[in-house]
Amino acid sequence: MLSWTLVLAVAGLTFMSCGKDKDDNNKSNDPNVGSAKDERDQIVYKTIKIGNQVWFAEDLRYDGPLSQGNSYIPSSGGKEYDFEGAKVACPNGWRLPSDLDFRTLENYLGMSDADTAKIGYGVNRGVDKGIGLKLQNGGGTGFNFIISSVSNRQKVWTSTKISNGNINGDILVRTFIKNNNSLDRERDYEGSQMCVRCLKN
-7 MLSWTLVLAV
3 AGLTFMSCGK
13 DKDDNNKSND
23 PNVGSAKDER
33 DQIVYKTIKI
43 GNQVWFAEDL
53 RYDGPLSQGN
63 SYIPSSGGKE
73 YDFEGAKVAC
83 PNGWRLPSDL
93 DFRTLENYLG
103 MSDADTAKIG
113 YGVNRGVDKG
123 IGLKLQNGGG
133 TGFNFIISSV
143 SNRQKVWTST
153 KISNGNINGD
163 ILVRTFIKNN
173 NSLDRERDYE
183 GSQMCVRCLK
193 N
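Each step along the sequence shown adds one to the number in our numbering, with nothing skipped, and position 163 is 155.
Have a look at this one:
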């Protein structure tokens, strides 16, 4: 009886993040698929190696004290952070990826340098290579980003701040669009709330 109680308790800790795959089967013969435990709260995350980078294959769900900033659980049940919180939220050995880290990922998947440099909503970055869908759940890369069922778009922080006082925001972010091949690179505000995907140091 006690063992079933423990199983149910552990299962309860792995509820959906900004978008979390309901299939929690981590068993795989793929050497690029792994896992990482956050020692702060014992949550185990799927990881995926794409090129020379190792990424969380799930959105971060850490809800402990942050040295700065804040985080919250939106109506979708996921974990989102403001920029100050996002910068310090990843566990030891992992970091908030920079804009360049995302561009490296995009290049590896076939996006041209000209496309990775584009900034703005609806500029169709990587459409010819289907990058937006490749990184979404079931897209074949293992990154498996899931957009909340209540939204058609979901944003992910980068650590890159590009200027002060811009009318469209100062932080470069990535925007996933449901059923869309584009992965937008946009500017947003530090106080916005969005998901975090950690990258291994």
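Backbone N, C-alpha and C define an ideal beta-carbon position, used for all residues, glycine too.
These numbers come from a predicted model, not from an experiment.
May I have a chain-ordered list of the beta strand (DSSP E) segments no shorter than 3 residues that lie completely inside the stretch 76 to 133?
DSSP assignment within the stretch 76 to 133 yields no whole beta strand (DSSP E) run of 3 residues or more.
Rounded to whole angstroms, what is the Cα-Cα separation between S63 and E72?
Within the model, the alpha-carbon separation for S63 versus E72 is close to 6 Å.
Whole-angstrom C-beta distance between I163 and G124, which should lie under 8 Å
Going by Cβ atoms, the distance from G124 to I163 rounds to 20 Å, so no, they are not a contact pair.
Would the beta-carbon of R32 fall within 9 Å of that of L191?
Contact flag unset, no.
Output needed for Y181: all residues of its chain with C-beta closer than 6 Å, excluding positions within five of it in sequence on either side, in chain order.
Taken in chain order, the residues that qualify are G161.
Compute the Euclidean distance between the alpha carbons of L52 and F135, then round it to the nearest angstrom.
Distance from the CA atom of L52 to the CA atom of F135, rounded to whole angstroms, is 13 Å.
Just verifying my parser: in three-state terms, what is the DSSP assignment at G26?
In the structure shown, the three-state DSSP call for G26 is strand.
Within 9 Å of any Cβ in chain D, is that where the Cβ of K153 sits?
Although the question refers to chain D, the structure presented lacks it and comprises just one protein chain.
How about A81 and S151: do their beta carbons lie closer than 9 Å?
No. Outside cutoff.
Residue range of the beta strand (DSSP E) that I42 falls in?
Here the beta strand (DSSP E) through I42 covers V36 to I42.
Terminal residues of the beta strand (DSSP E) in which V188 lies
Careful: V188 lies outside any beta strand (DSSP E) and carries neither H nor E.
Report the three-state DSSP secondary structure of N17 (helix, strand or coil).
Low local confidence applies: a pLDDT of 47 at N17 is under 50, so the model's placement there is unreliable, with the coordinate-based value given in what follows. Three-state DSSP puts N17 in coil, outside helix and strand.
Just list the residues that DSSP pairs L164 with in beta bridges.
DSSP lists R179 as the beta-bridge partner residues of L164.
Could you tell me the boundaries of the beta strand (DSSP E) in which K147 lies?
K147 -> beta strand (DSSP E) spans R145 to K153.
Would you say the stretch 113 to 132 touches the stretch 171 to 178, given that touching needs at least three Cβ pairs under 8 Å?
Contact holds: three or more Cβ-Cβ distances are below 8 Å.
Quick check: what's the CA-CA separation for N129 versus R145?
Linking N129 to R145 through their CA atoms gives a straight-line distance of about 14 Å.
In angstroms with no decimal places, state the Cα-to-Cα distance between S90 and I42.
Each residue's CA atom was taken as its position, placing S90 and I42 some 16 Å apart.
Grouping DSSP H, G and I as helix and E and B as strand, with all else coil, what is V142?
V142 falls in the coil class under three-state DSSP.
Express the C-alpha separation of L101 and A109 in angstroms, rounding to a whole number.
So the two alpha carbons sit approximately 15 Å from each other.
Look up F48 in the DSSP assignment and give the residues it is bridged to.
For F48, which the question treats as bridged, DSSP gives the partners T39.
Decide if Q185 is buried, meaning its Cβ has at least 16 other Cβ atoms within 10 Å, or exposed.
Of the other Cβ atoms in all chains shown, 16 or more fall within 10 Å of the Cβ of Q185; this residue is therefore buried.
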